[in-house]
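The structure under discussion appears below in the form of C-alpha cells.
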Amino acid sequence: RIEIFEGIATFTLPWIIAVFLVPFISGYVVAKIYAEKGGKWFACLPPLIVRTGAVLYLYFTDPLWNEDFFYHLHLHYWGLCVILVVEAANLGGVLGEFNLNAYLRNDELRGKKSDSNRQLEGENP
C-alpha cells in the first residue's frame, strides 16, 4: 500500500520495488504483447488502474479515510506515486518495443531488402 505516507519510513525496499520494478516489468511485458499497436501507451494503463483501485479500496475499507477524504489521502503524495509508477511502466514499454525493433523506419527495412536483392542479382552494394 504505497498510498499511505508514514514519513521517511515509507521509503523502504518493498516500496521501491512496488513503485519502480513491478511497473517496469509489467510495462515491458505489455509492450512485448502489443508492440505493433502502440505497446508503450498500453503499458501505462495497468499501473494506473491498479493505483486507482488501491486508493478506492482504502477509501471504502479504511474507517479513517472515510472521515475526511482530503485530509487522510494526501492527494499530492498519491499524485507523485502515480506519476512515478506510470513513468516506470512507460520506460519498460519503450524498452520492450525497442527490443522488438518496433522503432525501425520502413525505409531501413526496405534498404535491407534491396541490399539482399542486389547481392542475389550479382551487383555490388
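Numbering (the working numbering), first residue to last: 1181 to 1305.
Just so it is clear, CB atoms sit at the ideal spot from N, CA and C, and this is done for glycine as well.
All values derive from a computational prediction rather than experimental measurement.
Inter-residue spacing [alpha-carbon to alpha-carbon] between residue i and residue j
i, j, result
"V1274", "V1262", "18 Å"
"I1213", "P1243", "40 Å"
"E1216", "E1247", "47 Å"
"E1190", "A1211", "Residue identity check: residue 1190 is Thr in the sequence provided, not Glu. Their Cα atoms are separated by approximately 30 Å."
"G1218", "I1197", "26 Å"
"G1187", "N1281", "43 Å"
"L1271", "V1209", "12 Å"
"V1235", "L1260", "13 Å"
"Y1239", "V1230", "14 Å"
C-beta contact flag for residue i and residue j at 7 Å
i, j, result
"L1264", "V1199", "yes"
"F1185", "H1254", "yes"
"W1195", "I1182", "yes"
Those residues which DSSP pairs with residue i across a bridge
i, result
"I1188", "E1186"
Proximity to residue i [Cα-Cα], best of the options
i, options, result
"T1232", "N1281, W1258 and T1190", "W1258"
"E1267", "A1223, T1241, L1236 and N1281", "A1223"
"L1276", "W1195, I1182 and G1207", "Rather than Leu, the amino acid found at residue 1276 in this sequence is Gly. Cα-wise, what sits closest to G1276 is G1207."
"L1228", "N1279, A1269 and F1278", "A1269"
"F1278", "F1240, K1220 and L1225", "K1220"
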